[in-house]
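Chemist: Mind having a look at this structure? Questions to follow.
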Amino acid sequence: MNSGQASSLPLKIPRHVAIIMDGNGRWAKQRKKPRFYGHRAGVESVEVVLKACAKVGIEVLTLFAFSSENWHRPAQEVQILMNLFKAALSSRLNQFQSQNIRFRVIGDRSGFSKSLQIEIAKAEVLTAKNEGITLIIAANYGGRWDIAQAARKIAVEAKNGQLTVDSITTEVFADHLSLADLPEPDLFIRTGGEQRISNFLLWQLAYTEFYFTDTLWPDFDEAAFILAINSFSQRERRFGRTSEQMKSLYRA
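Mapping to the UniProt record's numbering: the sequence shown position 211 is 211, numbers consecutive.
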């Protein structure tokens, strides 16, 4: 990045950005193409945004790739999505290594084929020690599922005497969620014009700034991403405090 580019970047950069990548199907329909054409184009947008994140210094990028509700889509489309996920993963593993990207998947993997589960595990193990941006793919994921699986873990620990009922706090609960070891998202982006979170990171988005855009995901380029970052940088995050309290914290 040259000095001119650096000077145009916002002063406040989110540590963690979470994105619902919406609009692949509509993008393909506009071009009178089948839906898989849009999904394939969407993979290229992932590369663009991942590079933009690394360029501005974002630490974590979480992408909602496949929700637990997406199994209700036509079987042929689901199979195409699974094949695309597997192909993209295997073809980009060397890239993850060369760019120092740490890769992880959150969600219920039991619904995936054994071969896809193996590819996911392989990518996670090989990139586990990378220290660049962390790329999280939420696949067969739902926010309610995440909360339920955390509750089950806590129940087992309480049953085994590892926890007492009185020791179960919001912090303890958060420690059992899928993103427990990472900062919660600072910025949530949804492309495609819809303005809802669709069962994505329900717990983790409590104090996240939201940014909605009509831009369809395959058209979401670096310039569109920087617009979202600029919007974030102009907001005051108070976390329940007053503006005056936040200003005094910044001065301290």
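From the three backbone atoms N, C-alpha and C, an ideal C-beta is built for every residue, glycine too.
The model shown is predicted, which means the values in this text are computed figures rather than measured ones.
With DSSP collapsed to three states, give me the class of residue 254.
Modeler: Since the first residue shown for the chain is 1 and the last is 252, residue 254 is missing from the structure and cannot be characterised.
Chemist: May I have the straight-line CA-CA distance separating D22 from C53, to the nearest angstrom?
Modeler: Counting from 1 along the sequence shown, the entry for residue 22 is found at position 22. Counting from 1 along the sequence shown, the entry for residue 53 is found at position 53. Each residue's alpha carbon lies about 19 Å from the other.
Chemist: How far does the alpha helix (DSSP H) with E119 in it extend, from its first residue to its last?
Modeler: Counting from one through the sequence shown, the residue named residue 119 turns up at place 119. Counting along the chain, the alpha helix (DSSP H) containing E119 begins and ends at 114-127.
Chemist: Compute the distance between the beta-carbons of R207 and I189, then report whether it is under 8 Å.
Modeler: As a working note, residue 207 is residue 207 in the sequence shown. As a working note, residue 189 is residue 189 in the sequence shown. Note on identity: in this sequence residue 207 is Tyr, with Arg being the wrong assignment. For Y207 and I189, no; Cβs fall outside 8 Å.
Chemist: Can you tell which of T215, E171, V43 has its C-alpha closest to the C-alpha of S91?
Modeler: Translated into positions along the sequence shown, residue 91 becomes position 91. Looking at the Cα atoms, V43 is the closest of the given residues.
Chemist: Taking 6 Å as the limit between beta carbons, can you name the residues of its chain near A41, skipping five residues before and five after?
Modeler: In the sequence shown, the residue the question calls residue 41 occupies position 41. If we look at A41 and ignore the five residues flanking it on each side, its Cβ neighbours are P218.
Chemist: In this structure, does DSSP put H176 in helix, strand or coil?
Modeler: The residue given as residue 176 occupies position 176 in the sequence shown. Here H176 sits in coil by DSSP.
Chemist: Hey, could you find the ends of the beta strand (DSSP E) N140 is sitting in?
Modeler: Translated into the one-based positions of the sequence shown, residue 140 becomes position 140. It spans 134-141 - the beta strand (DSSP E) in which N140 sits, taken as one unbroken run.
Chemist: Taking all protein chains shown into account, decide if N94 is buried (16 or more other Cβ within 10 angstroms of its Cβ) or exposed.
Modeler: Mapped onto the sequence shown, residue 94 falls at position 94. The residue is exposed, with fewer than 16 neighbouring Cβ atoms inside 10 Å.
Chemist: Between R109 and N70, what straight-line distance do the alpha-carbon atoms span, to the nearest angstrom?
Modeler: One-based indexing of the sequence shown puts residue 109 at position 109. One-based indexing of the sequence shown puts residue 70 at position 70. Cα to Cα, R109 sits roughly 14 Å from N70.
Chemist: I need the boundaries of the beta strand (DSSP E) containing I197, first residue and last residue.
Modeler: What you label residue 197 is simply residue 197 of the sequence shown in a count that begins at 1. First-last for I197: undefined, no H or E at that position.
Chemist: Pull up the distance between the alpha-carbon of T134 and that of K122, whole angstroms please.
Modeler: Working through the sequence shown from its first residue, we reach residue 134 at position 134. Working through the sequence shown from its first residue, we reach residue 122 at position 122. In a straight line, the C-alpha of T134 is about 16 Å away from that of K122.
Chemist: Would you mind reading off the limits of the alpha helix (DSSP H) that contains Y37?
Modeler: Walking along the sequence shown from the start, residue 37 turns up at place 37. Segment 35-56, the alpha helix (DSSP H) holding Y37.
Chemist: Check whether the Cβ atoms of L177 and D146 lie closer than 8 Å to each other.
Modeler: Mapped onto the sequence shown, residue 177 falls at position 177. Mapped onto the sequence shown, residue 146 falls at position 146. A contact, by the Cβ cut-off of 8 Å.
Chemist: Could you check the C-alpha separation between R152 and F173 for me, to the nearest Å?
Modeler: In the sequence shown, the residue the question calls residue 152 occupies position 152. In the sequence shown, the residue the question calls residue 173 occupies position 173. R152 and F173: Cα-Cα distance of roughly 11 Å.
Chemist: What residue from H39, L216, F36, V78 has the CA that sits closest to G192's CA?
Modeler: Within the sequence shown, residue 192 is the residue found at index 192, counting from 1. Checked all of H39, L216, F36, V78; the closest Cα to G192 is L216.
Chemist: How would you write the range of the alpha helix (DSSP H) that I101 sits in, first residue to last?
Modeler: Sequence index remark: in the sequence shown, residue 101 carries index 101 (1-based). Note, I101: premise wrong, no alpha helix (DSSP H); not H, not E.
Chemist: Which residue comes first and which comes last in the beta strand (DSSP E) that contains I20?
Modeler: Stepping through the sequence shown from its first residue, residue 20 is reached at position 20. Where I20 is concerned, the enclosing beta strand (DSSP E) stretches over 16-20.
Chemist: For the putative contact between N160 and F66, defined by C-beta atoms under 8 Å, what is the C-beta separation to the nearest angstrom?
Modeler: What you label residue 160 is simply residue 160 of the sequence shown in a count that begins at 1. What you label residue 66 is simply residue 66 of the sequence shown in a count that begins at 1. Wrong, their Cβ atoms sit about 33 Å apart, outside the cutoff.
Chemist: To the nearest whole angstrom, what separates the beta carbons of E184 and Q204, a pair I think is in contact under 8 Å?
Modeler: The sequence position of residue 184 within the sequence shown is 184, counting from 1. The sequence position of residue 204 within the sequence shown is 204, counting from 1. Sure, about 5 Å apart at Cβ, within 8 Å.
Chemist: Sort out for me which residues DSSP pairs T62 with in a bridge.
Modeler: As a first step, residue 62 is located in the sequence shown; it is residue number 62 there, counting from the start. DSSP lists A18, I136 as partners of T62.
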